[in-house]
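Everything below concerns the one structure shown next.
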Amino acid sequence: MSHEYIPEIATERNGTEHEVQGWQDDFYGGKLGFWLFMLTEVMMFGAMFLALAYYNTLHQQDFLDASASLNRLLGGTNTVILLVSALTMGLGLLKMRAGDVKGAKLMIWATIILAAIFLVIKGFEWSAEYHHGIFLMHDQLLADSPLPFGQKLFFGMYFTMTGLHGFHIIIGIGLMLWLLKRINAGKVSQDHHILYWNIALYWDIVHLIWVFVFPYYYMIGAGGATGGH
Amino acid sequence: MGTKIVNYQEEKKVYYKVLVGLLLLTAVTFIQPHMFMTHSTFLAQMVIAVIKAWLIVIYYMHLKGEKLITAMVWFAMALVAVFFIIVIGIDVSNFQYGADSYITSAPTAN
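Protein sequence lines, in the order shown, are assigned to chains A and B.
Anchor point for the first sequence: position 176 equals 176 in the working numbering, and the numbering is continuous, going up by one each time.
Anchor point for the second sequence: position 5 equals 5 in the working numbering, and the numbering is continuous, going up by one each time.
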């Protein structure tokens with residue numbers, strides 16, 4: 001395998017060049033910093049779940065009815081896709097750590113494709129909901145529509161949270177494309193893989209958020225209108 | 001750093017085992033509303049989600065053996081739990097303004 005690490009070189013104003021001694025060689029510091037970032041993600045989504053639980057407590061039956069109307073087949077398919085994508089990302093990192101750069105790149109591409117499929121399915125789902133008059137500031141979610149108020153809150157939170165989650169998926173695809181570029185440039189290698197490690201961590205947190213988003217929106221009303229709390 | 005020593009086959013095996021576990025739990029998510037705890041779907045779904053999250057954090061996010069980061073995560077989780085207890089367990093559970101508040105009785109709800 002002829003994949004060699006090319007160090008970061010910084011050039012000073014007077015033209016002197018020196019190797020950057022930073023995050024690439026500080027594995028634990030890089031990882032710790034990224035975990036701190038991920039805790040801010042937990043805070044952001046945690047606040048949204050708090051708002052969701054708040055409205056849910058006040059409008060339990062409306063939430064069950066609205067949840068029952070979501071497409072569980074598409075939601076479940078996306079759950080499995082994210083689950084497999086977490087595996088491909090993890091295996092890719094493992095391959096990189098074992099020195100199999102080509103295998104690692106293939107796994108990143110597999111993860112990107114799975115992420116794109118997730119977005120396409122989500123697009124179909126949102127499109128179907130839009131045509132049923134359910135979308136932010138549209139038709140049934142307008143203030144004067146006869147849809148029960150609790151259902152309006154449910155769908156408002158649903159589009160906000162799945163939208164924000166989808167935005168994270170798009171960012172994840174961008175990060176993976178950037179990672180591929182860095183691998184091709186020789187900036188990420190078997191011994192300098194913190195960037196890969198952190199992007200894999202990012203993908204896991206995206207998966208982790210979906211682990212809670214899916215049951216809260218799609219499954220709580222699955223037992224029929226009288227089931228639930 | 002331990003990450004440089006790679007036991008490829010062993011770690012790959014763990015990844016696949018966790019995948020099987022997560023797939024099984026996803027299947028349980030789907031059958032639960034019709035099979036067990038049918039009157040506590042919300043609770044059952046959240047318990048399954050927590051087990052799945054635990055598997056992901058420990059094995060996929062490599063938190064096993066990480067003392068400092070684990071402590072950070074526990075601290076953050078405890079903080080989130082405190083907010084949930086205050087807001088949901090105390091405040092909303094004793095909501096006194098159901099008849100007056102917009103979020104409980106919007107003008108168009110009836």
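The beta-carbon is built from N, C-alpha and C at its ideal position, and this holds for glycine as well.
No experiment lies behind these values; they were computed from the predicted model shown.
Would you mind telling me which residues of chain B sit closer than 9 Å to residue i, beta carbon to beta carbon, in chain order?
i, result
"residue 182 of chain A", "Correct list: empty, because the minimum Cβ distance to chain B is about 18 Å."
"residue 32 of chain A", "68, 69, 72"
Please decide whether residue i counts as near chain A, where near means a Cβ-Cβ distance under 8 Å.
i, result
"residue 60 of chain B", "yes"
"residue 17 of chain B", "no"
"residue 83 of chain B", "yes"
"residue 99 of chain B", "no"
"residue 80 of chain B", "yes"
Applying a beta-carbon distance threshold of less than 8 Å, which residues of chain A neighbour residue i?
i, result
"residue 12 of chain B", "91, 94"
"residue 76 of chain B", "39, 42, 43"
"residue 88 of chain B", "50, 53, 54, 57"
"residue 36 of chain B", "None at all; the shortest Cβ gap to chain A is about 11 Å."
Can you confirm whether residue i, when its beta carbon is compared against all beta carbons of chain B, has any partner nearer than 8 Å?
i, result
"residue 79 of chain A", "yes"
"residue 37 of chain A", "no"
"residue 215 of chain A", "yes"
"residue 57 of chain A", "yes"
"residue 212 of chain A", "yes"
"residue 207 of chain A", "yes"
"residue 201 of chain A", "yes"
Using the rule of at least 16 other Cβ atoms within 10 Å of the residue's Cβ for burial, across every protein chain shown, is residue i buried or exposed?
i, result
"residue 28 of chain A", "exposed"
"residue 67 of chain B", "exposed"
"residue 13 of chain A", "exposed"
"residue 35 of chain B", "exposed"
"residue 161 of chain A", "buried"
"residue 91 of chain B", "exposed"
"residue 152 of chain A", "buried"
"residue 79 of chain A", "buried"
"residue 16 of chain B", "exposed"
"residue 154 of chain A", "buried"
"residue 5 of chain A", "exposed"
"residue 222 of chain A", "buried"
"residue 118 of chain A", "buried"
"residue 85 of chain A", "buried"
"residue 59 of chain B", "buried"
"residue 67 of chain A", "buried"
"residue 15 of chain A", "exposed"
"residue 75 of chain B", "exposed"
Check the Cβ of residue i against every Cβ in chain A and list those closer than 7 Å, keeping chain order.
i, result
"residue 96 of chain B", "Neighbours of residue 96 of chain B on chain A: none; closest Cβ ~12 Å, over 7 Å."
"residue 22 of chain B", "83"
"residue 92 of chain B", "54, 57, 58"
"residue 52 of chain B", "211"
For a test of the three-state rule: what should DSSP assign to residue i, helix, strand or coil?
i, result
"residue 143 of chain A", "coil"
"residue 9 of chain A", "strand"
"residue 17 of chain A", "strand"
"residue 220 of chain A", "coil"
"residue 134 of chain A", "strand"
"residue 188 of chain A", "coil"
"residue 29 of chain B", "helix"
"residue 3 of chain A", "coil"
"residue 71 of chain A", "coil"
"residue 101 of chain B", "coil"
"residue 198 of chain A", "helix"
"residue 246 of chain A", "With chain A represented from 1 up to 229, any question about residue 246 of chain A goes unanswered, as that position is not in the structure."
"residue 7 of chain B", "coil"
"residue 96 of chain B", "coil"
"residue 177 of chain A", "helix"
"residue 127 of chain A", "helix"
"residue 110 of chain A", "helix"
"residue 91 of chain B", "helix"
"residue 65 of chain B", "coil"
"residue 38 of chain B", "coil"
"residue 215 of chain A", "helix"
Output, in chain order, the set of chain B residues within a Cβ distance shorter than 7 Å of residue i.
i, result
"residue 177 of chain A", "In chain order: nothing, as chain B lies at least about 21 Å away."
"residue 204 of chain A", "56, 60, 61"
"residue 87 of chain A", "15, 19"
Which residues in chain B have a C-beta closer than 8 Å to the C-beta of residue i? List them in chain order.
i, result
"residue 98 of chain A", "6, 8"
"residue 46 of chain A", "80, 83"
So with CB distances below 9 Å, who are the chain A contacts of residue i?
i, result
"residue 71 of chain B", "Within chain A, no residue comes near residue 71 of chain B; the closest Cβ sits about 11 Å away, beyond 9 Å."
"residue 30 of chain B", "72, 76, 219, 222"
If contact is defined by three or more beta carbon pairs under 8 Å, each pair taking one atom from either stretch, is the segment 9-23 of chain B in contact with the segment 154-173 of chain A?
no
Quick one: any contact between the segment 210-224 of chain A and the segment 90-103 of chain A, if contact means 3 or more CB pairs under 8 Å?
no
At a cut of 8 Å, does the segment 25-33 of chain B reach the segment 107-127 of chain A through at least three beta carbon pairs?
no
Given 8 Å as the limit, is there contact between the segment 35-47 of chain A and the segment 201-211 of chain A, that is, 3 or more CB pairs closer than that?
yes
Below 8 Å, how does it come out for the segment 114-123 of chain A and the segment 133-151 of chain A: are there three or more Cβ pairs, yes or no?
no
Take every Cβ of the segment 182-198 of chain A, pair it with every Cβ of the segment 56-74 of chain A, and state whether three or more of those distances are shorter than 8 Å.
no
Assess contact between the segment 47-64 of chain A and the segment 77-93 of chain B, defined as three or more Cβ pairs (one per stretch) separated by less than 8 Å. Is contact present?
yes
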